[in-house]
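Here's the structure, in structure tokens; my notes come after.
Chains as they are written, first to last, in our numbering: chain A, 775 to 1157; chain B, 10 to 252.
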């Protein structure tokens, strides 16, 4: 009979149950959406922030003196291999070796040539705007010329240039073909970029000057990498690009705090709304409660009925709210980060718990109300 | 000792005495009407007899049990086992059918029995209204559901507060015939009314005024008269009903 009363109470009071369900659904769906986004935001935002360039550099322990590179002021090929192993981690989006050298162009003018890995360069420096194309493979003697350098040197896409190391001695020169122009609004506009391998051949040196890496996970992740790299290559030092890494950390913290504050406010509002609804439902059902008492129902039986109703509303509302919340999270994911939001079982459990928190906030409150209802007064219409 | 012993029963609300030292004995199987003008304390007395309210002083004992000394839980248990209540308003659970409204009394008493509940409703002429919601029943039909519910657990005492107050003449006749039948079957009836025609049908009439019992009269009813067969007037049933 208990199940029958419960079922009829739910099925035949659709308007009231619908109102209570709506409150739970609104609360849980917003919380599910926020928590799902929140649980993904560090990774998603971190990837998003990688658009602003590298946030970690690996430098030789001893800075190079102008014009006189030494073994100590360079990262050797052996060290590079060890560092490459250390950088082979999921939190490293991409990294590039960089070798800088002033070169002579067509035997007369000078510019800074940068040897690097083009495939990764566009990932580490996604802000670069390239006209033309990148050199095809790591051995291709293609050349990417900064727009300012191209203007000053009068270079055009498709043109072949002789690059000579050191002075104007063209015996040490090699021919490169300009495949594209690069624009960043920064120092890249004045540089020439070529594949590391041909640059090494040109300069007859396998060492590099610096490594730039794009790392997700903020300062904590960079610190972990620093320890690993400095352990395998003690002669180098790892430094975060503070401006970017710190901003990233601060931004993530602010987003987390905002998400939590928003969730807290919504929960508070929905809990108050739920309590008000329960209050009005109990007032509305005083006659019913009074009648049950007249018929011999003990307080515990009535409380069990109301608590079961609230439990069913909480469970149903939470499940629907979770579904809607996940859908909302995906919309937010695609619109803000261009990717889906991963499902997190912790969010599911949290949403269920919150659903019960919203729907049964006043279990002690309505127990008190129910036990205080006196059938004689209630049936007389005196509340 | 009488079946129901009311001794110096007083109920005050602040300075106002709703009931003032009422003393009354009611025998088992007796039908007593409580009469009096509005505000005379009739309903208060009925609520105290049904354990729905607590007196300020005095006592009520039913079949030797002093109900005014019982805890709330004991009172609830006593009420569901011994007392059937019928009110002027047709109190029903709005989302349960007529059948379920009777079954709920069984459920809180012991165990719901759908067949038994259906039989009880058939006996009050509602065999074709079993699955109707209260909103689909007329006032007279609702009151008959309430009577079936009051009788379903075979309560020894039926307390009724203006049971015909909201009924038209036809339904009043039907309901009063049901009360006569209950009385004939041996139930003790205490019926509150301000209608002398209704009150006069009892064995005795206790009249209250300003919370005091001012007189006790004999009514028209005797057990012998009512033990004869009673046909429910106005109910479309060819057979006579026996509750």
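For every residue, glycine included, the Cβ atom is placed at its ideal position computed from N, Cα and C.
Runs of beta strand (DSSP E) lying entirely within the segment 881-966 of chain A, each at least 3 residues, in chain order: 883-890, 903-906, 916-920, 934-939, 947-957
Is residue 67 (chain B) helix, strand or coil by DSSP? The residue labelled residue 67 (chain B) in the question sits at position 58 within the second chain. In this structure, residue 67 (chain B) counts as strand in the three-state DSSP scheme.
Given residue 108 (chain B), which residues of its chain have a CB within under 8 Å of its CB, disregarding the five upstream and five downstream residues? One-based indexing of the second chain puts residue 108 (chain B) at position 99. Closer than 8 Å at the Cβ level, and outside the excluded window around residue 108 (chain B), lie 123, 126, 127, 130, 139, 140.
Name the residue from A:935, A:814, A:1062 whose alpha carbon lies nearest to the alpha carbon of residue 1144 (chain A). Position 370 of the first chain, counted from the start, is the residue given in the question as residue 1144 (chain A). Nearest C-alpha to residue 1144 (chain A): A:1062.
To the nearest angstrom, report how far apart residue 887 (chain A) and residue 987 (chain A) are at their CA atoms. The residue given as residue 887 (chain A) occupies position 113 in the first chain. The residue given as residue 987 (chain A) occupies position 213 in the first chain. Taking the straight line joining both Cα atoms gives about 20 Å.
Can you give the Cα-Cα distance for residue 1101 (chain A) and residue 1118 (chain A), rounded to whole angstroms? Taking the first chain and counting its residues from 1, one reaches residue 1101 (chain A) at position 327. Taking the first chain and counting its residues from 1, one reaches residue 1118 (chain A) at position 344. Taking the straight line joining both Cα atoms gives about 13 Å.
In terms of alpha-carbon separation, which member of A:1026, A:937, A:1096, A:794 lies closest to residue 1123 (chain A)? Against the first chain, residue 1123 (chain A) aligns to sequence position 349. It is A:1096 whose Cα lies nearest to the Cα of residue 1123 (chain A).
So with Cβ pairs under 8 Å, would you call residue 1083 (chain A) a contact of chain B? Within the first chain, the letter at position 309 stands for residue 1083 (chain A). No, its Cβ sits nowhere closer than 8 Å to a Cβ of chain B.
Minimum Cβ-Cβ distance from residue 779 (chain A) to chain B less than 8 Å: The residue given as residue 779 (chain A) occupies position 5 in the first chain. Chain B contact via Cβ: present.
Alpha helix (DSSP H) segment containing residue 3 (chain B), residue limits: Outside the shown range of chain B, which is 10 to 252, sits residue 3 (chain B), and nothing can be said about it.
Tell me residue 215 (chain B)'s beta-bridge partners as DSSP assigns them. The residue labelled residue 215 (chain B) in the question sits at position 206 within the second chain. DSSP lists B:43, B:225 as partners of residue 215 (chain B).
Can you tell me whether DSSP reads residue 1141 (chain A) as helix, strand or coil? For the purposes of this step, residue 1141 (chain A) is identified with residue 367 of the first chain, where counting begins at 1. Note: residue 1141 (chain A) maps to helix in three-state DSSP.
Length of the line joining the Cα atoms of residue 1158 (chain A) and residue 1076 (chain A): This structure does not reach residue 1158 (chain A), given that chain A is present from 775 up to 1157, and the question cannot be answered.
Just to check my reading of the structure: residue 1040 (chain A) and residue 804 (chain A) have Cβ atoms closer than 8 Å, yes? What is that Cβ distance to the nearest angstrom? Taking the first chain and counting its residues from 1, the one referred to as residue 1040 (chain A) is at position 266. Taking the first chain and counting its residues from 1, the one referred to as residue 804 (chain A) is at position 30. Their Cβ separation, rounded to whole angstroms, is 5 Å, which keeps residue 1040 (chain A) and residue 804 (chain A) in contact under 8 Å.
Can you tell me whether residue 849 (chain A) is helix, strand or coil according to DSSP? Residue 849 (chain A) sits at position 75 when you count from the first residue of the first chain. Residue 849 (chain A) falls in the strand class under three-state DSSP.
Pairs of beta-carbons, one from the segment 35-42 of chain B and one from the segment 210-228 of chain B, closer than 8 Å: are there three or more? yes
Cβ neighbour criterion (16 or more within 10 Å) applied to residue 864 (chain A): For the purposes of this step, residue 864 (chain A) is taken as residue 90 along the first chain, with counting starting at 1. Residue 864 (chain A) should be labelled exposed.
Spatially closest choice to residue 857 (chain A) from A:1128, A:1027, A:1011, A:1150, by CA coordinates: The sequence position of residue 857 (chain A) within the first chain is 83, counting from 1. The shortest Cα separation from residue 857 (chain A) among A:1128, A:1027, A:1011, A:1150 belongs to A:1011.
Taking residue 93 (chain B) as part of the beta strand (DSSP E), name the residues at either end of that continuous run. The count along the second chain starts at 1 and reaches residue 93 (chain B) at position 84. It spans 92-95 - the beta strand (DSSP E) in which residue 93 (chain B) sits, taken as one unbroken run.
Proximity test, Cβ basis, 8 Å: residue 782 (chain A) and chain B: Here the question's residue 782 (chain A) lines up with position 8 in the first chain. By this cut-off, residue 782 (chain A) is an interface position.
Excluding five sequence neighbours on each side, which residues of the same chain lie with their C-beta closer than 7 Å to the C-beta of residue 914 (chain A)? Here residue 914 (chain A) corresponds to residue number 140 of the first chain, with the count starting at 1. The answer, listed in chain order, is 969.
Between A:926, A:878, A:991, A:956, which lies nearest to residue 896 (chain A) when the distance is taken from Cα to Cα? Here residue 896 (chain A) refers to the residue found at position 122 of the first chain. When only C-alpha atoms are compared, the closest one is A:956.
Where does residue 62 (chain B) land, buried or exposed, given buried means 16+ other C-beta within 10 angstroms? Translated into positions along the second chain, residue 62 (chain B) becomes position 53. When all chains shown are included, residue 62 (chain B) counts as buried.
Just to confirm before moving on: does the CB-CB distance between residue 1028 (chain A) and residue 1147 (chain A) stay below 8 Å? As a working note, residue 1028 (chain A) is residue 254 in the first chain. As a working note, residue 1147 (chain A) is residue 373 in the first chain. Cβ atoms of residue 1028 (chain A) and residue 1147 (chain A): not closer than 8 Å.
Quick one: which chain B residues come within Cβ less than 7 Å of residue 864 (chain A)? Translated into the one-based positions of the first chain, residue 864 (chain A) becomes position 90. Within 7 Å Cβ-Cβ: nothing; residue 864 (chain A) doesn't reach chain B, min ~57 Å.
Using alpha carbons as the reference points, say which of A:828, A:875, A:901 lies closest to residue 869 (chain A). The residue you call residue 869 (chain A) lines up with position 95 of the first chain. Residue 869 (chain A) has its Cα closest to that of A:828, out of A:828, A:875, A:901.
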